[in-house]
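Listed in order, the protein sequences are those of chains A and B.
Take any residue in the first sequence, count from 1 to its spot, add 640: that is its number in the working numbering.
Take any residue in the second sequence, count from 1 to its spot, add 1: that is its number in the working numbering.
Everything on this sheet refers to the single structure shown next.
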Amino acid sequence: MLYEVTIDGKSYRLELNHVDGRWSCRLDGRELEVDAVLVRPDVLSLRVGNTAYEVKSEPLANDLNLWVGNTRFAAEIRDPRSLRGRARAGDDHGPRNITAPMPGKVVRLMVHEGDEVEQGAGVAVVEAMKMQNEIKSPKKGTVRKILVNESTAVNAGDVLAIIE
Amino acid sequence: MFKKILIANRGEIAVRVLRACREMGIAAVVVYSDVDRAALHVRKADEAYPIGAAAASESYLNISKILEVAKRSGADAIHPGYGFLSENAKFAKACTDAGVKFIGPTAAAMRAMGSKTRARQAMEKAGVPFVPGTSRGVESFQEAKQVAARIGYPIMLKAAAGGGGKGMRLVHAPEQLKSALEAARSEAERSFGDGEVYIEKAIFNPRHIEMQVLADEHGNTLYLGERECSLQRRHQKVLEEAPSPMVDADMRRRMGEVAVRVAQAAAYTNAGTVEFLVDQDKNFYFLEMNTRLQVEHPVTELITGLDLVHLQIQIAAGEKLPFTQENVRLRGHALECRIYAEDPDNNYFPSPGQISLLMEPSGPGIRIDSGMYEGWNVPIDYDPLLAKLIGFGADRDQAIARLTRALSEYFVGGIKTNISLFRRILRDADFQDARLDTGFLDRMLKRPEDKRVDSESAEVAAIAAGAFAVLGATAAAVSGRAVGKDSAAVDAAPSKWKDASRREALR
């Protein structure tokens, strides 16, 4: 399999195959001796050469984190032969969803539909565990839609508003 | 001895008390709110009773509902844990009135400690040291000058009606006193409509050290050594240790004797903690008494070899303390990390949610008191304390080494935790040299964090991303569907091929 992998913003071209229990691996053209066992869901025991690693997979609402030891990496993986490319997260054009970073309750809305907002301007306040967190706009634009009310309970990843 | 104990709490402390009950052959009854049906303390209990809505006032703080469960279940004692109703004198009294033993001090002792003025009078009579100063406002500049000279500069002027730093002035030398006093008075007058100002000795970068006491109902009161609790954020303790690196045997004895006098002055019974502020010259001053079991009690348990919850239950059952002060021997060193559901990258904001993966450390010298489990959804309604990781060693260095090792094994996925904060604290040179005070964490967090990541780890992550995909695990994780891990045939079988690429396209 050929993959395009992005780790913390840096792209790698990875060829990885697992046939009859044997692994073959080329990372950016370099051949590496690799051996991987999924020891339980989300936990991979990985050997590169003879160096052993435990890698944990942490799927979140919109992202995937991979932890090598205690270091966290934001990971994206694509099969370049797949035609369905993913919109890049950093794309500044078009509408952007503002999502709740954690479960909680919307205690305050700071904008109305149609308002112009600057990048970094507060849009809503979400409360969890007696603490309030201001959710900020990721870009300058117009508030197209607000999908919650004050006192709406939200889950991580729920869309609060759309900015265009 | 009691036959059945009701635990009026939740989270790790409810589980902690439950375990003590089990060890002592006592049945454990728990209560839970609507969002805690699947909580660990309910899973482990002998009997569990729903008591209402998530809001604490509807459930864990609701005295009549809890007493009703005590009656229905036939519990003969109630353990309040910490927080919630643990320091509520009304609750302690209501338990007594209902004929259920409250495992803790009497309502009268709680009230004595709750009132600052009454507590202070009783304490001063018992020779307990307070931060030097005036307890009432100063009348004139002349009086202020005399008081300041008596207690010694630097001093702090504080508005009697004050709070939030308003009407407060730090004065280093006599020549600054007059203008500072006038400024503090007018600011206090403007802010609170009351210009009364009192004087206290200024204590820079104090340490927060507390002494554990135990008192039975037969007049025996003992101290079990101190805990160093100087590492705090927003006045919340983060990491505690015992013994305190700055306290020697003589200071421990003097602090312990004061703590015993504090407890005796209030006719205190059961477990309690006397908190002190300690200045850089090792002078200690009484701050307050906590009339409950503390979150950080395990570090004392590890260095004394005692089980404080067992002892609390024995004392409440009317037993005498089974040892004397001479029998209390400290051995080794223990540190506790409070694992909170909070996000280090977002100013430590609470981070509730579902725990997708939990890997807990174990091995020599490691204890975990936890209220979480994999798959559990951490509710948004309560304190974000998830668990306590405690490390024990023959000395402080070994305890730190074990804790560092354990932290490297600890993984909580799906929610954010402050585990990385402890890795940072434990490798800090000042921490390792035990240069601790209440400003330590704020100073450490102001320094930029060394976030260098080696490119090798990133490459390992890239290979792992591919391996997860090849083994059919990434898509499962992303879509939340359960997909078997046995996908060795992915590359060979055409149908699975298609499935795999379809799943990958979802990413």
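Backbone N, C-alpha and C fix where the C-beta goes; we use that ideal spot for every residue, glycine too.
Residue contact check for B:V471 against chain A: a CB pair falls below 8 Å. In the three-state DSSP reduction, B:H80 falls in the strand class (E or B).
The three-state reading of DSSP puts B:M114 in helix, counting H, G and I together.
Within the segment 162-239 of chain B, complete alpha helix (DSSP H) segments of at least 4 residues are found at 178-193, given in chain order.
In terms of Cβ geometry, A:E758 and A:K780 form a close pair [threshold 8 Å].
Annotation for B:H298: L309 place their beta carbon closer than 6 Å to its own, counting only its chain and skipping 5 residues before and after. The CB of A:T711 comes closer than 7 Å to the CB of V454, S458 in chain B, given here in chain order.
For B:P246, no Cβ of chain A is located within less than 8 Å of the residue's own Cβ. Considering only B:Y33, B:Q265, B:L86, B:G82, the residue with the shortest C-alpha distance to B:E125 is B:Q265. Scanning its chain for C-beta atoms nearer than 6 Å, with the 5 sequence neighbours on each side dropped, one finds around A:S664 the residues N657, in chain order. Looking at the DSSP output, B:D344 shares a beta bridge with B:F350. With a threshold of 16 other beta carbon atoms within 10 Å, A:A692 falls short and is exposed. For the segment 291-308 of chain B, there are no residues whose beta carbon sits under 7 Å from a beta carbon of chain A. Counting only Cβ-Cβ distances below 8 Å, A:M771 has contacts in chain B at F350, P351, in chain order. Remark: C-beta atoms of A:V746 and A:V788 approach each other more closely than 8 Å. Residues of the segment 353-378 of chain B with a C-beta atom less than 8 Å from some C-beta of chain A are P353, G354, S357, L358, M360, listed in chain order. Taking all protein chains in view, the Cβ of B:H219 is surrounded by fewer than 16 other Cβ atoms within 10 Å, so the residue is classified as exposed. Nearest to A:S777 by C-alpha distance, out of A:L700, A:G661, A:R736, is A:R736. Residues of chain B whose Cβ lies closer than 9 Å to the Cβ of A:L800 do not exist, since the nearest Cβ in that chain is about 16 Å away. Taken in chain order, the complete beta strand (DSSP E) segments of 3 or more residues contained in the segment 681-720 of chain A are 683-688, 691-699, 704-708, 711-718. When Cβ-Cβ separations below 8 Å define contact, A:M750 makes no contact with chain B. Listed along chain B are E460, A463, I464, each with a C-beta nearer than 7 Å to that of A:L667. The DSSP-derived three-state label of B:S60 is coil. Taking all protein chains shown into account, B:H334 has 16 or more neighbouring C-beta atoms within 10 Å of its C-beta and is therefore buried. Against chain B, a Cβ distance below 7 Å from A:K696 picks out L358, F412, G414. Nearest to A:E774 by alpha-carbon distance, out of A:R748, A:L704, A:E804, A:P699, is A:R748. Contacts with chain A at 8 Å (Cβ-Cβ) do not include B:R425.
In the structure shown, the three-state DSSP call for B:P299 is helix. When the beta-carbon positions are compared, B:F412 and B:M360 come within less than 8 Å of each other. Pairing A:A715 with B:C338, the inter-Cα distance amounts to about 29 Å.
Exposure of A:D668 is indicated by the presence of fewer than 16 other C-beta atoms within 10 angstroms of its C-beta.
A direct Cα-Cα distance of roughly 5 Å separates A:R653 from A:E644. Here the alpha carbons of A:V679 and B:L472 stand approximately 11 Å from one another. DSSP places A:S664 inside the beta strand (DSSP E), whose first and last residues are 662-667. Put simply, the backbone Cα of B:L294 is about 29 Å away from that of B:Q355. For B:A407, the uninterrupted alpha helix (DSSP H) segment begins and ends at 397-410.
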